[in-house]
Each structure stands twice: as C-alpha cells, then as structure tokens.
Amino acid sequence: MNTALIERPLVQNEMETVHRKIIDRRRNNRGLPPYRAALTEEIVEILSAFFAKERPGARVSGVRRVGGGASKEQFFFTLSDGGKEEQFLLRMDPRSAITETDREREFVLIDAMQGRVPVPEPVWIDNDAVHFPQAAAIMRVVSGVTKPSDAGVKVSGLGTWLGPELREKIKDQFLDYLVEIHSYDWRANPLPGFEVPDADAKQAARWNFNYWRELWEVDEGEPRPVMSLATQWMADNMPDTAGLVMLHGDYRTGNYLFDEASGKITALLDWELARIGDYHEDLGWVLMEIFGSFDSDGTFRASDLFEREEFIAEYERRSGRTVNRETLHYYDVASSWKCNIIVAANGLAAARSQHNHQDVLLTFLGAAAPMFANDLVRLLSKGAEA
Amino acid sequence: MTPTTDERLASVIRSLTEVVMPHLPADASLAQEQVQLAIGHLQILRLQFDSVHGFEAEELADTRALAAELAEAMTGGTSTIAARESLEDLVGAPAGEVRAALSAVNRGVELLVQAVSADGSDDARKKLPEIILRHESQRVEKDRRWFLPYGFDTMEAAA
Chain A
1 MNTALIERPL VQNEMETVHR KIIDRRRNNR GLPPYRAALT EEIVEILSAF FAKERPGARV
61 SGVRRVGGGA SKEQFFFTLS DGGKEEQFLL RMDPRSAITE TDREREFVLI DAMQGRVPVP
121 EPVWIDNDAV HFPQAAAIMR VVSGVTKPSD AGVKVSGLGT WLGPELREKI KDQFLDYLVE
181 IHSYDWRANP LPGFEVPDAD AKQAARWNFN YWRELWEVDE GEPRPVMSLA TQWMADNMPD
241 TAGLVMLHGD YRTGNYLFDE ASGKITALLD WELARIGDYH EDLGWVLMEI FGSFDSDGTF
301 RASDLFEREE FIAEYERRSG RTVNRETLHY YDVASSWKCN IIVAANGLAA ARSQHNHQDV
361 LLTFLGAAAP MFANDLVRLL SKGAEA
Chain B
1001 MTPTTDERLA SVIRSLTEVV MPHLPADASL AQEQVQLAIG HLQILRLQFD SVHGFEAEEL
1061 ADTRALAAEL AEAMTGGTST IAARESLEDL VGAPAGEVRA ALSAVNRGVE LLVQAVSADG
1121 SDDARKKLPE IILRHESQRV EKDRRWFLPY GFDTMEAAA
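Going down the list, the protein sequences come from chains A and B. Numbering (my numbering) for the first sequence: 1 to 386. Numbering (my numbering) for the second sequence: 1001 to 1159.
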C-alpha cells in the first residue's frame, strides 16, 4: 500500500481568527488524557466557589444535569440570595465536542440579541476556564420545551415532529425571528470577535469552506468518493456573496423553546455556530431534509413548518431579499457536507480521543452519515444549479 | 464448549437492561441516557455481527469497482495522469486488511478528484461526477440500509 497517499498535508487557509483558534486548540489537545463527565457534587463545589467570589452570601442548590444535547455539559441550578431564588443554566465545554465552539462569542451575540428576538439572558462567562474546569457560560433559565410531549409520533429522522396545530402557531414566529436576526446591523453595532468577510465577493463562502475543510482534515475524516466530489465541487463553485447578514448557523426546530399550550417561542437556542455570512447559508440549513418531516403523502416540510417553495417565497417577501437559486443550491450542498463532517469526523474524533462525556452518543450519531452522503448524491446530481 | 459472541452480547444487554438500568437514580439522566444508548448499540451489533465482514468486503469491492472505472476514464495533464496511475496501483494491490485498503482506495479517489479539477480533460471533468454519483447512489443505499436500525434515517418516510 502506498502510505504516502493517506498522509494529510497540514494546510492553513484563511478564516476568522476565532475559527483558527478553535482548530489549533483541537489539534493541540489531541494528546491530552481522557475527559471524564463532571459529577453533580463536583459542579456544586465549583459553582459554590465561583459564587462565593461573584456574589458573596448567595447559595447554590438544586444542581441537576440537563439531558439531551450532544456537545456541552449542561446543568440547571438555583441561586438563592437575600430571600430571592433565581434559576440558571451552566453550559460548559467538554475537552472536545461534536461541534467545538467559543463560549464568549455565543455569549456576546446572545447579549446583543436581547430585545430583538427571544433569547436567554447571558449572565456570567468564563471563557478562559479560570473558575471552571473548561470554558463555561451561565444563562438565566427560560421556560419551554424543544419538542411536543407527544413527539414520539415521529419514528425516524433527526427532525422534530410538531404536527398541524403547533405548526400553524409557530411557523410565522420562526420565520420572522430569522428575518430579524438577519437584519441585525453588525456594521453599526459591531460585535467583538465577529469578523466581516467582505474583502472580496467570495470571501464569505471561502471562510465557511476553509474552516470546515480543515476540521475534516484535523479530525481525520474518512474520505468517501461523494464527499471528495462535494468538497471539490464546493471549492470550484463558490458563489459571490449575495448579502452579508448575521447568521444563526443552526436555525431549526429543536433549537428553540416554545410554550406547548400557546405555541409561543420563548427562546432561540444554540447560537454557537453564528457568524457573519451570506444569508443563503442559513436558508440552506433550514431547508435540509434531515431536519424536516415528510407527511404520509411525501410532502416535505423544513423544520416541520414550511414546504420548501413556501419558505423561500415567504423569506423573500418578509426580508425584501432575493433568493438566488444557484447560490441556495451551493449552500444546500454546503449544509449536507458540513453535517457529514460534524457526525463522521468531528463527533467520531472526539469519541476516539475520549475527550467527550458522551462518546457512546457520538458514535451512535455517526450512523447518520450515510443520510448526509445520500443528500450529497441527490444534490450533486442536479449539477451546478438547482 | 465456549460462549458464542451472540450469547456474550445478549448477556451484557440483559445485565444492562434488567440489573443496571433499574438501579440508576431517577436524577442520573446522563447515566440513564448512556446506558440506553449502550444497549441500543449492542442490540444493533448483535443483529449485524455475523454480517460485518461481508458488509466491509462488499464496501471495498464496490469502491474498487468505482476506482477502476474512474482510472480507466480519466484523461488530462500530468496531475491527472499521476493520480490515475496511483489509483490503478491501489486497485490492483492485494487487499490485505480491509479497512486500511478501503481507506487507501478512497484517498486515491480523493486525489484523483482534485487532480481532474486541476488539469483533467473536458471529457474527464464531465465523466468524473457521473461515474462517482452513479456508483455512490448504490453504495449509499446499502450504507443507509445497514444503519437503518439506528432510527435516524427517513428513507422509508421519504419513499
């Protein structure tokens, strides 16, 4: 066997500074010893020590781990101070995750979104792990659920089944909030750490491509022909930026809380993949089939809310932007390509290095990779445009 | 008489399901989730155990068939020719360990894809995606069916 063929060159392509930092950290952490899930009593001790300095006299109680999720260690807790009780959520990075991100960046953006869209209130940040074993942020708890209590109706897929009644209550909010996020004026109100890909017409697409391409290499993603084809196709077909907006980065049902009775969205969650980029990038993500639902008659709904053409038309109408079908097709491919990298490279690398608290979940999720590969076959079969 | 792999896996699944799970504290959500996932993994491994070697051997054979067709069809400049010749060597090499052989062929295909983009002929640029997508549509179908027990796949619903 020609082993030179499977050696991977170290590449250093241009990307946002924070993404370079994440990739370097991931590469450098590879040799660290295994990570162990934090015990609840350890978190009680750490939180108590933190608040002894931050809010002397306050008492920590009711610490309990939050189930679900695949990337952060999360704990609810109560802080009692002067007869007042407040509920908080601790979000702490494991040593390595299926999506490794920057807590401060997420914290800064959520803070900027206060009053614009429903978000949790970010209260404390320890991005350099001075007080916590890993980078951590603390937010105020918001009530709501991510899926209806009878969500078991849907038996397959990663998406959440809302059903007709909730769908009608949620869909307008879902789209209006996306439009509102995209309208954030980042030139007038720049956010620290968020760089603007406006050096040339293709920089937004290039930064996105370079970051995920390098993550794939660093995490030693196992090449398969359709991924190789998709990677080269993306490199060769980068679109000009249609318009730069603040992207959420992971906008879909499952990443917001809602009140089950009223259908009111109470908080948009999981902002860690946010960046400034082309609005088509968020649209492609929202429209991914894997995060949607299929009716018994085969009708697809993105996030179980909108049929594809309905979503595109309504986004255009509400945002005043035009959806370029070729650019959207590029970001359709990019979304499935990125998801494949997340489950087939990032998640498995975190599990292999034993740097995560949920190795068994990460290897379980790896089984979703053929679905994304199938998406790539379907999308690339359409050629250069949709 | 020695225990079969199926008997060993079945006993671990039963232990986790009937002894470990019920004794986990109600508030140990992470432990409960992980035991359930471990049980799920083991049940699927038990289901697939006898077919694993056949599945991987077929995956290698499929990938070699794709690589052979690519190698035969690709023409172009020096990069394309060099990548094509490397791929031909890989396809013709003794398989050895299946996973390593599969990785090597896949990497060879990746390098050929890159080379054709750099200096492949017009004919190669047209044929390369056609060949890959035709082979991969069949291969992906097999992979999806293999991982169907994990419950993520919407292939039944989409169909």
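We put the CB at the ideal spot given by N, CA and C, even for glycine.
- Residue ranges of uninterrupted beta strand (DSSP E) with 3 or more members, entirely inside the segment 260 to 313 of chain A and ordered along the chain, are 265 to 268, 275 to 278.
- Every unbroken stretch of the alpha helix (DSSP H) spanning 4 or more residues and falling wholly within the segment 133 to 205 of chain A is given here in chain order: 164 to 182.
- The segment 263 to 272 of chain A and the segment 164 to 177 of chain A touch, with no fewer than 3 CB-CB distances between them shorter than 8 Å.
- Per DSSP, the unbroken alpha helix (DSSP H) holding Asp-1119/B starts and ends at 1098 to 1119.
- Not one beta carbon of chain A lies nearer than 8 Å to the beta carbon of Gln-1043/B.
- Annotation: Asp-332/A is outside any beta strand (DSSP E); the continuous alpha helix (DSSP H) that includes it extends over 325 to 341.
- Your pair Gly-159/A and Pro-148/A does not check out as a contact, with CB atoms roughly 13 Å apart and the cut at 8 Å.
- For Ser-1086/B, the secondary structure class from DSSP, reduced to helix, strand or coil, is helix.
- Under the three-state reduction of DSSP, Tyr-315/A is assigned to helix.
- Neighbourhood of Gln-1034/B in chain A, by CB distance below 8 Å: Gln-358, Val-360, Leu-361, in chain order.
- The count of Cβ pairs closer than 8 Å, one atom from the segment 15 to 33 of chain A and one from the segment 53 to 61 of chain A, stays below three, leaving the stretches out of contact.
- According to the DSSP assignment, Pro-56/A belongs to no beta strand (DSSP E), since it is labelled neither H nor E.
- Contact with chain A is absent for Val-1020/B, since none of that chain's Cβ atoms lies less than 8 Å from the residue's Cβ.
- In terms of beta-carbon proximity, Val-1113/B lines the interface with chain A, with at least one pair separated by less than 8 Å.
- At least one CB of chain A lies nearer than 8 Å to the CB of Leu-1133/B.
- Apart from the 5 residues on each side of it in sequence, Ile-125/A sits with its Cβ closer than 7 Å to the Cβ of Arg-103, Glu-104, Phe-107, Ala-137 in its chain, given in chain order.
- Close to Leu-1037/B, with beta-carbon spacing below 7 Å, are these residues of chain A in chain order: Val-360, Leu-361, Phe-364.
- Taking Ala-1057/B as the centre and dropping the five residues before and after it, the same chain places the C-beta of Val-1098 closer than 8 Å to its C-beta, in chain order.
- A residue is called buried when at least 16 other Cβ atoms come within 10 angstroms of its Cβ; Glu-1059/B meets this threshold and is buried.
- About 7 Å separates the beta carbon of Thr-99/A from that of Leu-273/A, a gap short enough to meet the 8 Å contact definition.
- Put simply, of Phe-77/A, Asn-189/A, Ala-344/A the residue whose alpha carbon is nearest the alpha carbon of Leu-90/A is Phe-77/A.
- In the three-state reduction of the DSSP assignment, Tyr-35/A falls in the coil class, being assigned neither a helical nor a strand state.
- For Pro-1129/B, the C-beta contacts it makes with chain A under 8 Å involve Leu-229, Trp-233, Leu-380, in order along the chain.
- For Pro-370/A, the uninterrupted alpha helix (DSSP H) segment begins and ends at 369 to 380.
- Between Thr-231/A and Arg-213/A, the CB-CB gap stays under 8 Å.
- Listed as beta-bridge partners of Ser-80/A by DSSP are Arg-59/A, Glu-85/A.
- When DSSP states are grouped into helix, strand and coil, Asp-126/A belongs to the strand group.
- Closer than 8 Å to the CB of Arg-64/A there is at least one CB belonging to chain B.
- With 16 or more other Cβ atoms from the protein chains shown falling within 10 Å of its own Cβ, Ala-1071/B counts as buried.
- Note on geometry: alpha-carbon atoms of Phe-300/A and Ala-1095/B lie some 43 Å from one another.
- When Cβ-Cβ separations below 8 Å define contact, Pro-239/A makes no contact with chain B.
- Ranking Asn-28/A, Glu-289/A, Leu-283/A by CA distance to the CA of Phe-311/A puts Leu-283/A first.
- Each residue's CA atom was taken as its position, placing Ala-97/A and Ser-262/A some 35 Å apart.
- Shown here, Met-1001/B sits in coil according to DSSP, grouped into three states, outside any helix or strand.
- Contact of Ala-349/A with chain B is not assigned, every C-beta pair being separated by 8 Å or more.
- Taking a C-beta distance under 8 Å as the contact criterion, Ala-38/A and Leu-362/A do not qualify as a contact pair.
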